[in-house]
Structure formats: structure tokens, C-alpha cells
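There are 2 protein chains.
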Amino acid sequence: MSPITSTVVTGIGELVTNDPSAGEGPLGIVNDAALVVDDGTVAWVGPATDAPAADRRVDVEGRAVLPGFVDSHSHLVFAGERSAEFEARMSGVPYDGGGIASTVRATRDADDDTLRRRVKALLAEMRAQGTTTVEIKSGYGLTVDDEARALRIAREFTQETTFLGAHVVPPEYSGRVDEYVELVTGPMLQACSPHARWIDVFCEPGSPHAFDGDASRAVLQAGQEAGLELRVHGNQLSYGPGVLLAVEHGAASVDHCTFLDDEDVAALVGSSTVATLLPGVEFSTRQPYPDARRLIDAGVTVALATDCNPGTCFTSSMPICTALAVREMRMTPVEAVWAATEGAAKSLRRKDIGHLRVGARADLAVLEAPSYRHLAYRPGVPLTRTLEIPS
Amino acid sequence: MSPITSTVVTGIGELVTNDPSAGEGPLGIVNDAALVVDDGTVAWVGPATDAPAADRRVDVEGRAVLPGFVDSHSHLVFAGERSAEFEARMSGVPYDGGGIASTVRATRDADDDTLRRRVKALLAEMRAQGTTTVEIKSGYGLTVDDEARALRIAREFTQETTFLGAHVVPPEYSGRVDEYVELVTGPMLQACSPHARWIDVFCEPGSPHAFDGDASRAVLQAGQEAGLELRVHGNQLSYGPGVLLAVEHGAASVDHCTFLDDEDVAALVGSSTVATLLPGVEFSTRQPYPDARRLIDAGVTVALATDCNPGTCFTSSMPICTALAVREMRMTPVEAVWAATEGAAKSLRRKDIGHLRVGARADLAVLEAPSYRHLAYRPGVPLTRTLEIPS
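Line order of the protein sequences matches chains A and B.
Sequential numbering of the first sequence, starting at 1, is according to the working numbering.
Sequential numbering of the second sequence, starting at 1, is according to the working numbering.
Written out as C-alpha cells, the structure is:
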């Protein structure tokens, strides 16, 4: 039982609070700021000249401080890698879509410690880049035991675990999607739900590997009945029912959102469903980027995440995702930073992260730069790290 | 006088030598390799099982090792920053081109130590990302004294210094380009040539801020007569005479090369002039990318560099430039790695860097990954560092 001590972070050249009442603009920016952390929680925020005393002092010497990034979409429990497939795809060699099956094989064959070490290494890599909350999906096991194992391992590291048995139809169920959905919504759900907060489904009717509207609805309803909250992979590769299903079921997030018609956008407006965009995927696959401007201009809440996975996007970098959001999706730097912090927190229905209001978790990212603008201004430069507050 | 000692680097999962006779493919890849460094020079390369003994041993535990990146185009001697201008440009606010003048003002106003600290910090940032050779241009002083000062400071850090008095026409010479060219080719060249290896000119006849064909020719000829070697900024914003001038004068490199006609490509083929592409600029300005495939397929030698500067591209990351080259310019991962190492070394007419043949400088980059492919496969992730060999 160590005594609770407080720390004042001083010398903050620019503090992004995401609290418009605390500072300038939508990011609630306070210049020449200080912040007091008490027992892991933000206890005070304001101009450095008004900062109260604290037991300890950390001086960041003029750097910018942001809420830690919230990566609300990742697939970290897997074995193997697919850089040769990536190289072939980028070099124009036709790709037959067989890649994900190789990750499923490697994941099933790996022992727990191998999977655990990979998750741990990727989370450390994320934390070193300023990410302080990570959602982790299953989805490379696709048997009752392998999905439950993936979630048990993920749960060792985060509360934000997502059961994604309905990621793809595994090869052994090829042509028998209905039987696989029965497995997912029956024994697999039963084995997985104790280890998961969320359930997710890859709704993509045009793909033989994914799930159509009816199958997706069955997965979401079964998950809801088992007490899980909902997320959807929707409208990534073509127009389809993913967004409407997500909104209809009150899902917290629908992710990808590349192919949207007017009805989809209208449904998202005013709903409690966040549109999570994953521009690293489009960067790594040369697919078209989602139309972020259309969503934001319509009033939809937008989040950014990495989708870190060995196939379609193996970046763990929230900074490059914000840079891509600015360059390729024409989000402003302000919108991109908000979407990667508070927007992503909303997609996880979390009120304690993604901002630095009093009472928030003291998850802090510090930039080797004077302003949040440098995230997009200096693409690829490792500027961001998590500010570790001694406790 | 410390005794010369040798170091064997072992556990190299994949070694990129750029020596096709030493290993597989154009990158000369040796798997499960070792490399001996003797007095700062590569003394032996081969399979780990054949490695000779050495005084010391560094185990990289399966990681990939590459020749250190060669960043052959940078503008590091400046003061101030322009992230607000970047944010405005990305947000669609019309930009009046006045930005560079603000960097010139800030640079002239800064004292030597301010400029020196900035160069040192950016070089440390580059080295931390695996870059071991950096070319540095002047071009934000634009007076005799300020250009000479920039080159003196650059020379403290690199032999690859480039006199770029003909970067832009400074405001005080607006409408008097001929007079400014007389200054550049006269007193400014005389003051700068002792501190520079190279002379460079921004040849862009359509821009009121840059130099047309005749002015560019005058700058290159005067530089050559003063004993400097030649580089050219050419064909960045429109078709023009830059490439042909570069080839005609035997320049080592013509940089940017976005707008090329068939005659330009034909002139580069078989010439001693390298085409240096700078995809970070197009990423940060939303300009069209150069057609790397057309150049490579025609047989032109292509290099990649950052163009690190506070206006059009403030990345210092050679890894993100290789990822952009693959994603946006359709270079293969092999071509991109070669262009960022040996290609860039050729653009500096250096035979001792950019590869790991016996006799090369022991400039080594190590990846937190098993293969060079991860540079493009994992965009934005800080995988690369310089491997420091104790001496």
C-alpha cells in the first residue's frame, strides 16, 4: 500500500484537452499549461501560472501534450506475418485472397505463450507511440477453443475485448455459412462471452468469406442476448446493409464505411453509432479511402483507428493514421486529432478516456514538437510517446 | 591512440548488401548472415556459420540489417517552423506562396547557435531512424553572409554540403532576377564555395520565385568553374528545361522530376545523372507523384530522399519515404530500398556508402523486424535505427 501522491506536469507548450470549455477551439487548447495527476486521474488543468502545488513535478519543456490515443480497432492475437503477400500485392502480382487462411492456420498452431508475446510486443510498440487504450478482437481462431483462447489472452491486457468469431467463414465451413453461424451464435459465443465486452461481425454480402445481412443480424442479436455490446465491420468493400444494421441495433461503432449511400449517412446522423475510419487499410491495400468529409459535414461522429492486423494493415501507428486522415481524407488536423482520441473513446462508449477534463484517466501522450499540428506536418517521424507518470 | 578492434555482427536474420554477387536478387540478400566491421569499414560479409572471429560480438537476434539510409536531399539550416501554414493548406485555405519568405526572415534573424542546434537535432532524429549520410543545402539565407554561414554550419556535420543561393529570388530582388543571379554567381559563390561540395539551382521557369533555363545555366556553369559539382531541382511544378540542363552539364542528380516529357526520360537513360524522387513532398502538398515506374522501366537510376524542409515536406523519415514510394509511385519494396540506399549514394557519387560490400563504410541500419519488406508493410511504425558499432 504505497501512499497516493500527486504529480504536476509543467512546461506544456500546448495542451489538447478536448474540452472546449477549458480552452480554444474544439480541441480545447490551453497554451503554457500545467496538469495535475492524482492517483492516476486528472485532478486539475489550467494555465501554468495558476498551477497548484503537488508532491512531484514533471517538466515537458515546451512540448505539446495530448490525451493518449485510443485505438478502437485492432486484431493483435495472431501468429505469423504476411509481408511477402504484401510485397506481391504492392508489386501488382494478382492476389487470390488466401492470405487470411494462412494467419488462421498459424494462429491455431501457435501455443499460448507465442500469441501472448506477440500481443505484448505490439501493445508495447503502440504505447511507445502514444496509444494508451487498445481494443483487441479475436477472429483468427475460428473454432470454439481457439476463439476463447484468443479472448482470454487479449483480456490479460485490455478490458476492450471483442469476440469476432464472425470474422470470416473458416475453410472447413466453406459453402456451409449457416452451419458456421450456428456455431458462432451457439457454443462459440457461450465459450467466448465471459472474456469479451463486445461482439463484432464482418458484414460484407458480396464476399464469399464474410457474412450477409441475415447472418450478421443473427450474430448481433445473439451477442446482445448474451450481454455483449455491439460493433460492426461494415460497407468496406461494397455497398451493403452493415451501417443500417449497426444503427438499428444501437451498435457503438460501424467500422470502415467506405461505400455509403445517402440512407446510410442519414441513419448515422443523430444515432449513437460512431463511424470508425481506418485509413491505414486503404494505404496498405490501394483501396479507395472513405469519404470522411461527407460524414463530418453531415454531423456524424467519426473515429480513427489503426485496424492493426497482419494482412490488410500492419501499422500500429495512430500518428500515421492521423496524417493519412488529413492528407487522404481531407480531415483537418483538428478533426483528425479529435477522432483519434475523443472520437475513438466514444466508439468504445468510454467517458473516462480520450480527453483531459478533471476526472479523466491520466493517459497522456507527449509530442517531440510544440503542437498537435506536427502529427500530420511531420509524417512518419516518431514524435509521439506516452508520458509515464510515476505512481 | 586506441587500438583498432574488430566487431562481428551476428544473428542477422536478413542482410541487405546491395551486392547481387553476394546474395539473392538486386538487394544481394544473405539470410542468417554475419558481418565483420574493422576500423569503421566492412571487412567480411557472409553466412553466419562461416563468420571469422573478431574482438567483439554484437547479436541482433534475428533482425534485418540494411545499409544505412542515404538522405541525398535536405534543407536543414533554417529557423522557425510552418505548421500553421501546413494546417491551412491541408484544410483547403488558399495559400499565397508567402511561406518561404517567412523562413528566410527567421533564418536571417537567428544566431549561429540557434541554427546549429536545429541542424543537430534534425540529424539526431534522422540517425535514430537509420539514416547515416545526409546532404544539407543552404538556401534560406540568400545574402552573401547568410548563405556562407549556413554552409559553414552544415559543414560542421557533413561533407555533403550544397550551395543553393539560387533557391528562390529573395523579396528584396523581386523583379530583378538578373541582378540576383549576378550576386549568386559572383560574390555569393566566392564566399560559399570553400564550404560546399555541390551547387544546386531551383530551375522552374513558370515560377516568379525560381529560375528559368538561362539563369539556371549561368548558376551551374559558374559553380562548375568554381570547382563545385552539380545538382538541380528540376521539373517539379511543370515541364521545363531542368532535366536536360542537368544531363547536359553532367549533374550528379536532378531532383523532383514530376513533369517529364519523352525527351527528358531519353536524356536520363544512360546518362550519369540520377533522378532523385521526393515523395514526402507530394504527400505533404497534395501535388501529383512523379512517375517512378516510367523512369525505372526505361532504365534510369532512381534515388529516394526526404527533402526535409519546413515548408513543403517536414519529414526526416526515410522509412516513410520508402513506404510512399511503394504505395504511391508503385516502386517494388526492393526498388524502394535500393533507391534509398545505393541509388541515393550514386546521386552523391559516393562508392563507399549505400551498400555493404567489403570496403564499404560500416553504416548499418537495423530493423525491429525480420525483413526489409516491413518498411512498407508497417507504415509509420518506428522500426529502424542506426546500429552503432563501438569503436
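Using N, Cα and C, we set each Cβ at its ideal position, and we do this for glycine too.
Within-9 Å CB hit, residue i to chain B
i                : result
His75 (chain A)  : no
Met1 (chain A)   : Unreliable placement is indicated for Met1 (chain A), whose pLDDT of 45 sits below 50; the coordinate value is still reported in the next sentence. Not closer than 9 Å to any Cβ of chain B, the Cβ of Met1 (chain A) fails to qualify, so no.
His374 (chain A) : yes
Ser371 (chain A) : yes
Arg402 (chain A) : Outside the shown range of chain A (1 to 391) lies residue 402 (chain A), about which nothing can therefore be said.
Ile296 (chain A) : no
Gly206 (chain A) : no
Ser6 (chain A)   : no
Residue-level contact to chain A via CB, residue i, 9 Å cutoff
i                : result
Glu125 (chain B) : yes
Phe314 (chain B) : yes
Arg327 (chain B) : yes
Ala305 (chain B) : no
Burial state of residue i (16 or more Cβ within 10 Å)
i                : result
Lys351 (chain B) : exposed
Pro187 (chain A) : exposed
Val36 (chain B)  : buried
Pro241 (chain B) : buried
Gly311 (chain B) : buried
Val93 (chain A)  : exposed
Asp50 (chain B)  : exposed
Thr114 (chain B) : exposed
Asp262 (chain B) : exposed
Pro194 (chain A) : exposed
Chain-ordered chain A contacts of residue i [CB-CB under 8 Å]
i               : result
Ser72 (chain B) : None at all; the shortest Cβ gap to chain A is about 18 Å.
Listed by chain order, chain B residues near residue i by CB distance under 9 Å
i                : result
Val168 (chain A) : Chain B residues near Val168 (chain A): none, gap ~21 Å exceeds 9 Å.
Pro382 (chain A) : Glu125, Ala128, Gln129, Ser317, Gly380, Val381 and Pro382
Gly280 (chain A) : Pro379 and Gly380
Contact list for residue i against chain B, beta-carbon separation under 8 Å
i                : result
Thr332 (chain A) : Glu87, Met90 and Ser91
Arg286 (chain A) : Arg327
Listed by chain order, chain A residues near residue i by CB distance under 7 Å
i                : result
Tyr377 (chain B) : Ser83, Phe86 and Phe314
Ile320 (chain B) : Pro379 and Gly380
Under 7 Å by beta carbon: chain B residues contacting residue i
i                : result
Phe283 (chain A) : Arg327 and Pro379
Those residues which DSSP pairs with residue i across a bridge
i                : result
Glu14 (chain A)  : A:Asn31 and A:Ala64
Ala436 (chain B) : Nothing can be reported for residue 436 (chain B): it is not among the residues displayed for chain B, which extend from 1 to 391.
His256 (chain A) : A:Gly234
Thr7 (chain B)   : B:Val37 and B:Arg56
Glu229 (chain A) : A:Trp198
Residue i Cβ short of 8 Å to the ligand MN heavy atom set
i               : result
Val37 (chain B) : Absence of the ligand MN is noted for the structure shown, with no ligands found whatsoever.
Neighbour flag for residue i against chain E, beta carbons, 9 Å
i                : result
Ala323 (chain A) : Absence of chain E from the displayed structure is noted, the protein chains being A and B.
inquiry  = Suppose only complete runs of 3+ residues qualify. What are the beta strand (DSSP E) ranges in the region 265-314 of chain B, listed by chain order?
reply    = 274-277 and 302-304
task = Let me know the alpha helix (DSSP H) ranges lying completely inside the region 313-346 of chain B, each 4 residues or longer, listed in chain order.
result = 318-329 and 333-338
message = List, from N- to C-terminal side, the alpha helix (DSSP H) runs of 4 residues or more that fit wholly inside the region 174-216 of chain B.
response = 177-183 and 189-192
Uninterrupted beta strand (DSSP E) stretches inside the region 16-96 of chain A (no shorter than 3 residues) = 29-38, 41-47, 56-59, 64-67 and 69-71
ask   = Whole alpha helix (DSSP H) runs in the region 117-175 of chain B with 4 or more residues, listed along the chain?
value = 144-155
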